[in-house]
Amino acid sequence: MASSSSGNAIPAPDAVRFLVSSLADESAMVREASMSSLKDIALLNPLLVLDCCSTVSRGGRRRFGNMAGVFQVMAIAIRVLDKREADPPDMAKLAKLATAEMISSKELYADWQRAASGVLVAIGSQLPDLMMEELFPHISGQNSALPAMVQVLADFASADALQFTPRLKGVLSRVLPILGNVRDIHRPIFANAFKCWCQACWQYGVDFPLLSLLDSDVMSLLNSAFELLFRVWATSRDLKVRTSTVEALGQMVGLITRTQLKSALPRLIPTILELYKKDLSIAFVATCSLHNLLNACLLSESGPPLLDFEDLTVVLSTLLPVVCINNDRKDGSDFSLGLKTYNEVQHCFLTVGLVYPEDLFGFLLNKCRLKEEPLTFGALCVLKHLLPSKRPSLVEAVNSLLDEQSLAVRKALSELIVVMASHCYLAGPFGELFVEYLVRHCAISDLGRNDLESSKETFRSTGTYYVLPYRRYEVKIGVVYPTELQAICEKGLLLVTITIPEMEHILWPFLLKMIVPQAYTGAVATVCRCISELCRHRSSNSNSMLTECKARADIPNPEELFARLVVLLHDPLAREQQPTQILTIPKMKAYVSDTEDLKEDPSYQETWDDMIINFLAESLDVIQDADWVISLGNAFAKQYELYKPEDEHVALLHRCLGMLLQKVDDRAYVCDKIDWMYKQANIAYPTNRLGLAKAMGLVAASHLDTVLEKLKEILNNVGQSIFQRFLSFLSDRAKMDDSDDIHAALALMYGYAARYAPSTVIEARIDALVGTNMLSRLLHVRHPIAKQAVITAIDLLVTRVGHLKSRNRRYADMDPNLNTARIVYRVTALILVPERSTFKVLLSLMLRKAGYASSSVEHLHTQALALSACTTLVSVEPKLTIETRDHVMKATLGFFALPNDPADVINPLVDNLITLLCAILLTRMICLAKLRLAISKVWLK
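Letter by letter, the sequence shown follows residues 2 to 942 in this note's numbering.
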């Protein structure tokens, strides 16, 4: 190696010796760093590394504390040696060194022993005969290192099958004579060795003719070993011995003679089947061996099958429940092992199906008809992979399982239906029924998922086992999550739509039927995506698609579809990005496309609902068809039965119907629909209540008189005096809550009616909006949410009044001949004068501590709204008196001692407080300016 130019460089051999000596350092970090460096150097200069390691290892592990690390470095260096560099004498010395270490102790599986085995295997890859000559003298019945030597041969066979297989005869001739004397504790090592040796033979046969090596002597040795393992070791009481032996026999069955295999089958098959227990790893071993056995018995080129189908029924019945073996965790080695076991089971059925396809198909259908969960699930999974040519009996069997409640069976059935679609099984009368099955399971509701999750917990804790038909051993059935079933159906339905052209005439227009019914609400996003794909594929035949829709009487009309989809737009965060699947409007899709960004905006829901209402309004303006609008209104009215009262979609439905009624001229129709709207509204839910109020406001934009009549009717029917409310509080708080809900809804409806009503119309109806008794009857609600609704209504009314004021520039002069000015003055005076307690109520809400059925957070929110309403009142004429202003200032003092948390409630409250104080100062300055102007006018005169 070239020296460094610095003059102080350490010579390469000394540096490597230092690294090798550092392998025994007390620090684990130093040992790991030295090991890493030596491995890298070994790739560049293996001879130098081997020389240094040989020097250190002469005294064995008694002189050097980390022989395992030295052997690992040596193994790497030997493997990368060029054939010309592998000097036989040097390799022989290293082999003797490794062998000496292995035979110096009876210990098995020590780290240094495994590392020494790695050195011997590496030498074998370079000089196999030399390695064999070193090992063979130690393979005798009296040698304590015998198991270690056999393990080296097994490792060598796994590492280099091409060099081991030609030497199999020599290995068997030395191992077989001592095989009968092997103790039980060592039998798993020998069985594993036979497995590795047979696997090496199969690997060798991939590239070279295997028969040339399997002469009569080798076959005789293999048959003798097979007989001993099969008749003695496979019947051991030790489960580990039995398992390893069955694993070895599974590799040997393809190498022994057919005569010997046939005679062994009556006992070999039960021996394998006995291993099917709850342990997943043992089931995998048994299934692999069974797969190899079936291949040897049924697919041999040397003769006919050795087993009839009747002989296989017990095997197949045992394998079906094994399909169910699963693990709750979807990561880690357990899941990987479960998947491998599942694949091996499928390989077993595939092997049988290649020889007995008709018998296997009938067998699987019969298991489906039994409706025993493990057997049905297993049969469906197998049918999915072995789907035969089209047979009506399969369709009938699947149809009989559509009502199964087991999630595992539903999952397997859904997967089978998707596969059947690709084989044109769905072209018959059952096609739409099977598609509906997929859609139904795409629509598993959140509530349904929660219910099933809770039942799953019980299922998991108690455990579900199936007794195998052979003996009384049990296999645990894995858990299927509802979300798994839903995801499979969604992906399957999309796959069927996109990749199978033959399904188009089944899916269209049938999928349109899946949009309106309540049972399929959760599947609308997937259904809409499928419909979009169908329309994209058949864009050139749009006329024929419309014709197909009109030809079927069971397809919803366009108004019903439009109404349903508009309301379902409500939740922009719905799963599967439902709004983007429904919409085709770029601006609206862009707003909801990034859900994470959307969550950053606290008012995103209000903004989104407003966009939907504007979209509906523009659509109705474009249509200009009175009959169609009436039909759409009827469709919206029918939508109420699709949602539960607490569903927030109902609030948007109210507003949609309100916007539609705004466009209708038929007063009788409007009256009928607002009556229906109020009957369907559950005003106990604040969101529903607010949606109803906004809807009434939208209707009031064109039909104010009709709305006010309805509100007056409601008010007259539920009005109570303060004394009556006090009695209800003492007798029945629930009745008081109902009354609060109604009064809160009324307040909001009056407020939004004032907000949306045209300015030219509202002036003549101000008495109906803020009559002498209306406000006073709504001010004494007790529930905090109801208080917030009343405060919001007051704010809306006064804001609307302020808007009327701004329409008249000469309002400051209070000309009595101006209608707007008189109205503004009258309304604000009505709210502010002592006889009308609105302002006092707001002040009391600002001062009051949290009370009836409220949390402190709710009370803080109520106070924030009260501050906002006071700001509006302060900003209109007539101005506050000094006394009232002092009351307001006093009411605000307590807010300066509020804590900082919760920030989402405190911050808006402080903002409203600052706005109120600024408004008071501003109005005071305006008053002083007016006074100064008046004085100056008098002085000038």
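Note that CB positions come from ideal geometry on N, CA and C, so glycine has one too. No experiment lies behind these values; they were computed from the predicted model shown.
Beta-carbon spacing of residue 242, residue 322 below 7 Å: Using a Cβ distance threshold of 7 Å, residue 242 and residue 322 do not count as a contacting pair.
Beta-carbon contacts of residue 525 that lie in its chain and below 7 Å, excluding the five residues immediately before and after: So the qualifying residues of the chain are 516, 569, 579.
Test item: CB-CB of residue 691 and residue 660 under 7 Å: No, the pair does not count as a contact, with Cβ atoms beyond the cut-off.
Any chain D beta carbon closer than 7 Å to residue 527: Here chain D cannot be found, since the structure has a single protein chain.
Residue 132: first and last residue of the uninterrupted alpha helix (DSSP H) it sits in: Its alpha helix (DSSP H) spans residues 129–136.
Rounded separation between residue 80 and residue 95 - CA only: Approximately 13 Å, taken between the alpha carbons.
Contact under 7 Å by Cβ, residue 510 with residue 556: Result yes, Cβ atoms of residue 510 and residue 556 sit closer than 7 Å.
Extent of the continuous alpha helix (DSSP H) to which residue 85 belongs: It is not in any alpha helix (DSSP H) - residue 85 carries neither H nor E in the DSSP assignment.
Cβ distance (whole Å) where residue 748 is taken to contact residue 790 below 8 Å: Sure, about 6 Å apart at Cβ, within 8 Å.
6 Å CB neighbourhood of residue 818 in its chain, flanking five on each side removed: With a pLDDT of 40 at residue 818, under the threshold of 50, the modelled position of that residue is not reliable, and the figure given next carries that caveat. Taking residue 818 as the centre and dropping the five residues before and after it, the same chain places no C-beta closer than 6 Å to its C-beta.
Rounded C-alpha distance that separates residue 324 from residue 379: Rounded to whole angstroms, residue 324 to residue 379 spans 5 Å at the Cα level.
Residue 20, DSSP secondary structure in three states: Here residue 20 sits in helix by DSSP.
For residue 658 and residue 696, believed in contact at Cβ under 8 Å, the rounded distance: The beta carbons of residue 696 and residue 658 sit about 6 Å from each other, so the pair counts as a contact at 8 Å.
Nearest neighbour of residue 300, chosen from 255, 912, 277, 267 [CA to CA]: Cα-wise, what sits closest to residue 300 is 255.
For residue 445, the three-state DSSP class (helix, strand or coil): Of the three classes helix, strand and coil, the one that applies to residue 445 here is coil, per DSSP.
Burial state of residue 588, where buried means 16 or more other Cβ atoms lie within 10 Å: Classification of residue 588: exposed, given that the 10 Å Cβ count is below 16.
Beta-carbon gap between residue 416 and residue 391 smaller than 7 Å: Contact flag unset, no.
Residues near residue 361 in its chain [Cβ-Cβ closer than 8 Å; skip 5 each side]: 310, 317, 350, 353, 354, 387, listed in sequence order.
Closest by C-alpha distance to residue 72, when choosing among 83, 100, 88, 528: Selected option, being the one with the closest Cα: 100.
Whether residue 192 touches residue 249 by CB criterion (7 Å): Yes, they are a contact pair.
Residue range of the alpha helix (DSSP H) that includes residue 876: First-last for residue 876: undefined, no H or E at that position.
Through-space distance from residue 575 to residue 681, alpha-carbon basis: Those two C-alpha atoms are separated by around 24 Å.
8 Å contact criterion, which residue 487 and residue 442 should meet: CB distance rounded: Residue 487 to residue 442, Cβ: 6 Å. Contact.
Among 746, 425, 286, the one whose alpha carbon lies nearest that of residue 393: The residue from 746, 425, 286 with its alpha-carbon nearest to that of residue 393 is 425.
Inter-residue spacing [alpha-carbon to alpha-carbon] between residue 795 and residue 632: Whole-angstrom Cα-Cα distance: 36 Å.
Rounded distance between the beta-carbons of residue 496 and residue 419, thought under 8 Å: About 6 Å separates the Cβ atoms of residue 419 and residue 496, confirming a contact at the 8 Å cut-off.
Beta-carbon proximity of residue 155 to residue 165, cut-off 7 Å: With contacts defined by Cβ atoms closer than 7 Å, residue 155 and residue 165 do not form a contacting pair.
Pick from 763, 365, 528 that is closest to residue 499, judged by C-alpha positions: The shortest C-alpha separation from residue 499 is found at 528.
Secondary structure of residue 457, DSSP reduced to three states: Residue placement at residue 457 cannot be trusted, given a pLDDT of 43 that sits under 50; what the coordinates show is reported in the next sentence. Assignment of residue 457 by DSSP, reduced to helix, strand and coil, places it in the helix class.
Three-state class that DSSP yields for residue 392 in the structure shown: Here residue 392 sits in coil by DSSP.
Coarse secondary structure for residue 647, derived from DSSP in three states: Here residue 647 sits in coil by DSSP.
Environment of residue 833 [buried if 16+ CB atoms lie within 10 Å]: Reliability of the predicted coordinates at residue 833 is poor, the pLDDT of 41 falling under 50, and no value is obtained from them.
Whole-angstrom C-beta distance between residue 875 and residue 924, which should lie under 8 Å: Yes, they are in contact, since the Cβ atoms of residue 924 and residue 875 sit about 6 Å apart, within 8 Å.
Inter-residue Cα distance where the pair is residue 521 and residue 567: Pairing residue 521 with residue 567, the inter-Cα distance amounts to about 16 Å.
Residues of its chain near residue 342, where Cβ-Cβ distance is below 7 Å and the 5 sequence neighbours each way are ignored: Its chain contains 281, 284, 285, 288, 323, 326 as the residues whose beta carbon lies nearer than 7 Å to that of residue 342, once the 5 sequence neighbours on both sides are disregarded; these appear in chain order.
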